[in-house]
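Per my numbering: the sequence shown = residues 414 to 527. Cβ coordinates follow ideal geometry from the N, Cα and C atoms, glycine included.
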Amino acid sequence: KKVVLAVSGGASITIEGGSFTAQCPGKITVKAATKSMVGGATQSWAMPDGVQSGAFQRQFVIRRGTDEQPISNQKYRVTMDDGRVIEGVTDVMGQTQMADSEGIQNVAIELLYD
Numbered sequence: 414k415k416v417v418l419a420v421s422g423g424a425s426i427t428i429e430g431g432s433f434t435a436q437c438p439g440k441i442t443v444k445a446a447t448k449s450m451v452g453g454a455t456q457s458w459a460m461p462d463g464v465q466s467g468a469f470q471r472q473f474v475i476r477r478g479t480d481e482q483p484i485s486n487q488k489y490r491v492t493m494d495d496g497r498v499i500e501g502v503t504d505v506m507g508q509t510q511m512a513d514s515e516g517i518q519n520v521a522i523e524l525l526y527d
């Protein structure tokens, strides 16, 4: 499977076949208490109790590009690969509604203005 998250400014993140690619027309900033660039590894993990395999849920946070602060009360539209459209208004934390699907999907997020 291939997952691509792209925004209108030309930046995108692609996850495919065990690889992660970040692309942008500007600079990439990594913020962390510590940073470590290490070689590949594998790790096994068990699915938490109560989580059904194949069921995906995703919620998005809308942030200002200038200072990364969440944007509350922002109208938005999420269009999923399967054709479903979710419209709503972000909460006080800038979060959208939960989007459910049976598999990983690409989505397009539009900010709506009156």
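Query raised in the report: Could you give the residue range of the beta strand (DSSP E) that holds Ala521?
Result: 520-525
Query raised in the report: Under a three-way DSSP split, which group does Ile499 fall into?
Result: strand
Query raised in the report: Is DSSP giving Phe469 helix, strand or coil here?
Result: strand
Query raised in the report: Is Lys415 helix, strand or coil by DSSP?
Result: strand
Query - For Val491, the nearest candidate out of Leu524, Glu515, Gly516, Gln482 (CA to CA) - result: Leu524
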